[in-house]
Amino acid sequence: MEEKQPDNDSEAVLGSSSTMEKVAAAKQYIENHYRNQMKSIQERKERRWILERKLASSDVPKEEQMNLIKDLERKETEFMRLLRNKICVDDFELLAMIGRGAHGEVWLCREIKSGNIYAMKKLKKTEMLSRGQVEHVRAERNLLAEVASHFIVKLYYSFQDAEYLYLIMEYLPGGDMMTLLMREDVLSESVTKFYIAQSVLAIESIHQHNYIHRDIKPDNLIFDKNGHMKLSDFGLCKPLDCRTLSSVNENEAMDDENIREPMDVDGRFPDAAHGSSWKSPHEQLQHWKMNRRKLAFSTVGTPDYIAPEVLLKKGYGMECDWWSLGVIMYEMLIGYPPFYSDEPVTTCRKVPCSLCIFLIFFCLFPLYF
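Read in order, the letters of the sequence shown correspond to residues 1 to 369 in the UniProt record's numbering.
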């Protein structure tokens, strides 16, 4: 009796999930390696072309021109040699822990060779894999490597060992916008304009590279030593073609029984945590001040800055970042976010309702816009 041989064309041999992940990682590594290599060659040619064009239109003697071109070639060679040097965690001295998150830690560190001070983001690989955060970390690293803006925190090195992924970033010693608002309560209109303008430039710079930040909030607006603001924490950033926010699980879409209580004549909002009680703007400010520090150290976070289309799990784009910035501007001027409530669920209900009210007002009174 003849044994029937398996049909190789009809039966596909599938590898394990870990094998498929390794294959995908290897493929991406090779693609990124050659893409970066070609990009580096092109940038080197462009720098030489720019120098030659400037020298051709100047009165610099020929001999001096040749010296300048040779000097550029020498610097390019030194730069390429520097890129080939392997960086590891032993090249840095850890000074103090300055932050801790769900997936790792942030350390103040000093580069032993140069003495420069940096912030080291130390991410545990097993935590990233178990929480499905690999793509988020990859997107964060890619964005920081691509975007060159004075209003984005700089990435200097990225490397890894068997246990951790390391991002060596610019250290910003000026604190964050959350701390400033906790100290000042409200900002003047001129100061608000200044920081909002810098925020606009920061957000626009990442949008130009087809990324959405998705986590614009005062905690992520950091000040450098000169008081200028920079955008940080790109752990939730996504390419523009990504249409879902699967990582925000605590903000579930609201059901059809959304609260739609209007303001009363004194501008008070209903407080769902206390039945029919109402809070005046002054009471809102005092309550927000008491709870702001708790929110700053909470791992769950707050939905105050999240756009309505994200809360409703609808398709969204760049607009969600601009919505968050508008909420921050309101908080700078008034002292608390426009949709703040004692309970995050109530805030989640207020945000989509406010969008409906705005659309109705826009349809009824278009001349105001």
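Where a beta carbon is used, it is the ideal one built from N, C-alpha and C, also for glycine.
Predicted model only: the values in this text are computed from it and were never measured.
In whole angstroms, give me the CA-to-CA distance for residue i and residue j.
i    : j    : result
R214 : P303 : 12 Å
Y336 : Y195 : 17 Å
K225 : E21  : 42 Å
A24  : S18  : 10 Å
R349 : L129 : 33 Å
N32  : D233 : 23 Å
K27  : L311 : 35 Å
G99  : K121 : 9 Å
S149 : K238 : 18 Å
E52  : E140 : 36 Å
D321 : A202 : 11 Å
M66  : E78  : 19 Å
K75  : K62  : 20 Å
R44  : E204 : 27 Å
Measuring alpha carbon to alpha carbon, tell me which of the options ends up nearest residue i.
i    : options                  : result
I87  : E146, E31, D161 and K314 : D161
V351 : M329, R100 and A307      : A307
H136 : S205, H103 and R110      : H103
K39  : L236, Y164 and E146      : E146
May I ask you to report which of helix, strand or coil DSSP gives residue i?
i    : result
L72  : helix
E93  : strand
G267 : Unreliable placement is indicated for G267, whose pLDDT of 37 sits below 50; the coordinate value is still reported in the next sentence. Looking at G267 - three-state DSSP - the assignment turns out to be coil, as it is neither helix nor strand.
K27  : helix
A307 : coil
C348 : helix
S158 : strand
L123 : strand
L108 : strand
E343 : coil
For my contact list, residue i and residue j are in at a C-beta cut-off of 8 Å; report their separation, rounded to the angstrom.
i    : j    : result
S158 : Y166 : 7 Å
L325 : I216 : 6 Å
D185 : L221 : Actually they are not in contact, since the Cβ atoms of D185 and L221 sit about 17 Å apart, beyond 8 Å.
H231 : I152 : The sequence shown places Leu at residue 231, rather than the His named in the question. Going by Cβ atoms, the distance from L231 to I152 rounds to 6 Å, so yes, they are a contact pair.
I50  : P218 : About 40 Å; that fails the 8 Å criterion.
L72  : R48  : 6 Å
L187 : M97  : Actually they are not in contact, since the Cβ atoms of L187 and M97 sit about 30 Å apart, beyond 8 Å.
E111 : D91  : 6 Å
Hey, is residue i close to the ligand GTP, as in C-beta under 8 Å from one of its heavy atoms?
i    : result
E331 : As presented, the structure is devoid of all ligands, the ligand GTP included, so that no description of it is given.
Where in the region 181 to 247 do unbroken runs of the beta strand (DSSP E), each at least 3 residues long, occur, reported from the N-terminal end onward?
221 to 223 and 229 to 231
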